[in-house]
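The block underneath contains the structure these notes are about, expressed in structure tokens.
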């Protein structure tokens with residue numbers, strides 16, 4: 002089974018509207034971390050937001066929030082008030098228990114977001 | 082503060098050749114990881130180095146090797162290049178440890194390798 006699944010290959014969103022990007026994960030570890038990265042066409046991976054498995058509150062960073070549902074093993078990214086500059090690929094990633102997996106990130110296949118004016 | 086830097090930006094090689102990619106981490110970061118991103122896919126983990134020791138290896142052949150220097154910079158070497166090695170190679174640095182700040186990996190701009 003894939004460890005990180007992003008089921009939306011591509012999405013259009015109207016400028017100033019909110020968009021939700023889906024991410025489900027699979028792990029048997031109790032301690033893990035979930036990350037979202039943005040990759041513009043330039044190629045650089047830009048860190049957006051982090052959620053630890055023991056964090057009880059959903060993470061927020063500016064216009065980004067992470068809807069963490071541990072029992073359902075989902076970690077959806079919500080981008081509020083979309084801007085044209087939000088057009089990019091978005092990747093969900095997981096780091097499993099550090100003792101076993103080290104710092105290895107496992108990425109999903111990504112979701113391409115295109116913001117329309 | 083400077084972010085993660087990588088060199089070169091672009092590289093064109095032919096099959097069978099060898100290539101060396103370089104990465105300098107964010108100041109204070111002691112862990113460097115390498116990822117391969119084939120067009121249209123998410124990055125795949127190749128190596129993690131921390132304190133000059135290999136701490137993790139992904140499912141890549143022995144043609145791939147890496148090392149970390151005393152200043153925490155790193156090199157990724159790929160021997161006997163194949164067409165399938167064409168990809169964006171990303172380097173990421175982190176503090177290493179527990180907690181969000183220590184775990185977060187920050188990526189460089191990548192080196193785009195084309196094998197002809």
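Protein chains in written order, with our numbering: chain A, 2 to 118; chain B, 82 to 197.
Glycine included, C-beta positions come from ideal geometry on N, C-alpha and C.
Here the structure is a predicted model, which is why all the values come from computation and not from measurement.
Asked: Residue environment, residue 3 (chain A), which counts as buried when at least 16 other CB atoms sit within 10 Å; Found: exposed
Asked: Contact between the stretch 88 to 107 of chain B and the stretch 154 to 173 of chain B (3+ Cβ pairs under 8 Å); Found: yes
Asked: is_contact[residue 117 (chain A), chain B] using C-beta, thresh 7 Å; Found: no
Asked: Contact residues within the stretch 103 to 116 of chain A, judged by C-beta distance below 8 Å to chain B; Found: 103, 104, 105, 106, 107, 108, 109, 110, 111
Asked: Cut-off 7 Å between Cβ atoms - residues of its own chain near residue 28 (chain A), not counting five sequence neighbours on either side; Found: 4, 95, 97
Asked: Residues near residue 105 (chain A) in its chain [Cβ-Cβ closer than 8 Å; skip 5 each side]; Found: 96, 97
Asked: Amino acids of chain B, ordered along the chain, whose beta-carbon sits closer than 7 Å to that of residue 48 (chain A); Found: 185, 187
Asked: Residues within the stretch 82 to 93 of chain A neighbouring chain B, beta-carbon criterion of under 8 Å; Found: 92
Asked: First and last residue of the uninterrupted beta strand (DSSP E) at residue 116 (chain B); Found: 112 to 118
Asked: Inter-stretch contact (C-beta, 8 Å, three-pair minimum) for the stretch 24 to 38 of chain A and the stretch 50 to 58 of chain A; Found: yes
Asked: Reduced DSSP secondary structure (H/G/I, E/B, other) of residue 60 (chain A); Found: coil
Asked: Amino acids of chain B, ordered along the chain, whose beta-carbon sits closer than 9 Å to that of residue 11 (chain A); Found: None at all; the shortest Cβ gap to chain B is about 12 Å.
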